[in-house]
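Trainee: Residue numbers for the sequence shown follow the numbering used here, so the first one is 34 and each next one is one higher. This structure is in structure tokens; I'll ask about it shortly.
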Amino acid sequence: MCISCGCGLGLDENDHEHHHHHPIGAVHAPGEGHERTIKIEEDILAVNNRYAAANRHVFLKRNILALNLVSSPGSGKTTLLSKTVSEIRFPASVIEGDQSTDIDAERLRKAGIKTVQINTGRGCHLDAHMVGHALDDLGAPDDSVLFIENVGNLVCPAAFDLGEAAKVVLLSVTEGDDKPLKYPDMFQAARLMLITKTDLLPYVPFDVDRCIANARKINPAIETISLSSLSGKGMPEWISWLESGHDKNKR
Ligand SMILES: Nc1nc2c(ncn2[C@@H]2O[C@H](COP(=O)(O)OP(=O)(O)O)[C@@H](O)[C@H]2O)c(=O)[nH]1
Ligand SMILES: [Mg+2]
């Protein structure tokens, strides 16, 4: 069950009545059912947090900087990773989360990047248990960076700690500069916002300064970098953010 949307996805694979997403509270009237929903949500999060703590312990012990990349589908996560990994001075590997297929993992493997794919099926986010298993398969080296590309979804992944050092939210310029206000949980949870596809700025009515101001209304401490994987503009800033993050991550 997804605790963020409360839709029951992942809890009962045969339940076809809950394909739509509702915010909690919008569909559950107060009363016993509502309290039970909250209790299940708390239990799911408590279990997730135990797995997340175990992942975090591994990351710290092995000096792996783990970053949880979150965004809506198509904002440019996989493209960015394929350009990033060859530029940083640490070895890097990727856990890829998608609802279906290993298209993205194959894209990254072709670029020579060690990648494990997770398919979530009807689930709308990665959880810490899945990531723990993927870690076992991945064989990420010590002293490295691990990118966890979450399922494209600006809502549910915000609630699930995977044991990462930080969430990085991508927002492409075609999505609109109002998205931080409309999806506040994700921008609240993220340490860094990457405004992506800036090569398209001449063609879309997107105001970078307004986008940053909107994100800071939600999360005054959020850091921001604007970049384009296509033109390479802004990439050096992103690479140095990663490298200094890796240095700081050391105990
Ligand atoms: N113009 C432009 N397109 C991009 C850029 N980065 C990615 N794309 C395109 O956006 C689409 C989605 O990218 P992808 O990396 O698969 O996004 P993901 O779903 O977040 O992993 C693809 O068609 C990419 O070629 C960019 O910097 N500029
Ligand atoms: Mg992708």
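Heads up, the beta-carbon is just placed ideally off N, CA and C, and yes, glycines get one too. Computed from a predicted structure; not experimentally measured.
Could you check whether the Cβ of D135 sits closer than 6 Å to any heavy atom belonging to ligand 1?
Mentor: No; taking the cut-off as 6 Å, the Cβ of D135 has no heavy atom of ligand 1 nearer than that.
Trainee: Is T66 near ligand 1, going by C-beta to nearest heavy atom under 6 Å?
Mentor: Going by the sequence as given, residue 66 is Gly instead of Thr. No, ligand 1 has no heavy atom inside 6 Å of this Cβ.
Trainee: Once you ignore the five residues that flank I146 on each side, which residues in its own chain have a CB closer than 8 Å to its CB?
Mentor: Answer for I146: L114, S115, V118, A125, S126, V127, listed in chain order.
Trainee: May I have the straight-line CA-CA distance separating R249 from I255, to the nearest angstrom?
Mentor: Taking the straight line joining both Cα atoms gives about 6 Å.
Trainee: Can you give me the Cβ contacts of A223 inside the same chain, cut-off strictly under 8 Å, excluding the 5 residues immediately before and after it?
Mentor: So the qualifying residues of the chain are V103, A199, K200, V201, V202, N252, I255.
Trainee: From the DSSP output, which residues share a beta bridge with E256?
Mentor: In DSSP, E256 forms a bridge with L225.
Trainee: Drop a sphere of 10 angstroms on the beta-carbon of K288, count the other beta-carbons inside from all chains shown, and report buried for 16 or more, exposed for fewer.
Mentor: Residue 288 lies beyond the residue range present for the chain, which begins at 34 and ends at 284; the question has no answer from this structure.
Trainee: Under 6 Å from any heavy atom of ligand 1, does the C-beta of T296 make it?
Mentor: As displayed, the chain neither begins before 34 nor continues past 284, which places residue 296 out of reach and without an answer.
Trainee: Give me the residue from F123, T112, T111 with the minimum Cα distance to S273.
Mentor: Considering only alpha carbons, the answer is F123.
Trainee: If we ignore side chains and look at the alpha-carbon of each, how far apart do H166 and N183 end up?
Mentor: Going from the Cα of H166 to the Cα of N183 covers about 15 Å.
Trainee: Per DSSP, which residues does G130 bridge with? Please list them.
Mentor: I151, per the DSSP bridge assignment.
Trainee: Using DSSP's beta-bridge definition, name the partner residues of E182.
Mentor: In DSSP, E182 forms a bridge with L102, E129.
Trainee: Are A246 and L195 closer than 7 Å when you measure CB to CB?
Mentor: No, the pair does not count as a contact, with Cβ atoms beyond the cut-off.
Trainee: Please confirm whether L204 and I181 have their CB atoms less than 7 Å apart.
Mentor: In this structure, I181 does not lie closer than 7 Å to L204 by Cβ.
Trainee: Less than 7 Å separating the beta-carbons of V149 and D170?
Mentor: The answer is yes: Cβ separation under 7 Å.
Trainee: Roughly how many angstroms lie between the CA atoms of D300 and P217, to the nearest whole one?
Mentor: The shown model of the chain, from 34 to 284, leaves out residue 300, and the question about it has no answer.
Trainee: With a threshold of 8 Å on Cβ separation, who are the neighbours of D232 within its own chain once the five nearest residues in sequence on each side are excluded?
Mentor: Excluding residues within five positions, the ones whose Cβ falls inside 8 Å are S261, L263, S264, K266.
Trainee: Just checking T148 against ligand 1 - is the residue's beta carbon closer than 6 Å to any of the ligand's heavy atoms?
Mentor: Flag unset: Cβ of T148 not near ligand 1.
Trainee: Output the residue ranges of the alpha helix (DSSP H) runs that lie fully inside the region 68-119 and measure 4 residues or longer, sorted by chain position.
Mentor: If we require 4 residues or more, the alpha helix (DSSP H) runs fully inside the region 68-119 come out as 110-117.
Trainee: Verify whether the separation of the beta carbon atoms of I97 and L179 is less than 7 Å.
Mentor: Yes. Within cutoff.
Trainee: Among the residues of its own chain, which have a CB less than 7 Å from the CB of M163, if the five just before and after it don't count?
Mentor: Cβ neighbours of M163 beyond the five flanking positions: I151.
Trainee: What is the rounded straight-line gap between the Cα of L159 and the Cα of N186?
Mentor: Approximately 10 Å between the Cα atoms of the pair.
Trainee: Run the proximity test for K110: is its beta-carbon closer than 6 Å to any non-hydrogen atom belonging to ligand 2?
Mentor: Result yes, Cβ under 6 Å from ligand 2.
Trainee: By Cβ distance below 6 Å, which residues in the same chain neighbour P235 in space, the five residues on each side in sequence not counted?
Mentor: Nothing listed; no residue qualifies.
Trainee: Helix, strand or coil for S177 per DSSP?
Mentor: In the structure shown, S177 sits in a strand (DSSP, three-state: E or B).
Trainee: List the endpoints of the continuous alpha helix (DSSP H) containing S277.
Mentor: That run of the alpha helix (DSSP H) goes 268-282.
Trainee: By DSSP, does A199 sit in helix, in strand, or in coil?
Mentor: Looking at A199 - three-state DSSP - the assignment turns out to be strand.
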